[in-house]
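Asker: Once you know that position 26 of the sequence shown is 26 in full-length UniProt numbering, the rest is easy, because the numbers rise by one and skip nothing. Yeah, the Cβ is synthetic: ideal placement off N, Cα and C, and Gly gets one too. This structure is a prediction, so every number in the text was calculated from the model and none was measured. Pasting in a structure now, in C-alpha cells, and then I'll have a few things to ask.
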Amino acid sequence: SGKHLIILHTKGSHFNYTQRYPRSFAQWKPECVGVDNKCSKAELINSYDNSVTYVDHFIVSVLDQLRDKKAIVFYAADHGESINEREH
1 SGKHLIILHT KGSHFNYTQR YPRSFAQWKP ECVGVDNKCS KAELINSYDN
51 SVTYVDHFIV SVLDQLRDKK AIVFYAADHG ESINEREH
C-alpha cells in the first residue's frame, strides 16, 4: 500500500573489526582482539574477513526478506580498507 523508501545504514567492516561481527562468525583465526593489542597483519586480515562474512550474511538476510516484493535495492560501500596501514 503505497511507495516506501528505506535507507539502511550499517557500520560494515571498519576497524576494530572484531566489534563488527558476532562471535559465531569468527571462522578465520587467529583474530585481532581488543583495541590496544598489537596484532599481526594475519590477525587483522582474519578479523576483517570475519567482518566481511558477517556483512555478507546480513545483506543476504535483507535481500531474502525482499525477494517476493517489488523492490529495487542499491548497495553502496563508503570506501575500502588498507589493512595494517598506519596501524589499521
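1) Helix, strand or coil for H88 per DSSP?
2) Between D75 and I59, how many whole angstroms is the CB-CB distance? I'm expecting something under 8 Å.
3) F15 by DSSP, collapsed to three states: which one?
4) Between which residues of its own chain and G12 is the CB-CB distance below 8 Å, once the five residues before and five after are set aside?
5) Taking 7 Å as the threshold (C-beta atoms), are V33 and T18 in contact?
6) To the nearest angstrom, report how far apart R67 and L5 are at their CA atoms.
7) At which residues does the alpha helix (DSSP H) containing T53 begin and terminate?
Answerer: By the coordinates alone:
1) Caution applies to H88, whose pLDDT of 49 falls short of 50 and renders its modelled position unreliable; the value that the coordinates give is listed next. DSSP places H88 in coil when its eight states are reduced to three.
2) It should be noted that the sequence gives Tyr, not Asp, for residue 75. Contact flag correct, Cβ pair sits at about 7 Å.
3) coil
4) Within the same chain, G12 has close Cβ partners R20, S51, V55, A77, D78.
5) In this structure, the beta-carbon distance from T18 to V33 falls below 7 Å.
6) 16 Å
7) 41 to 66
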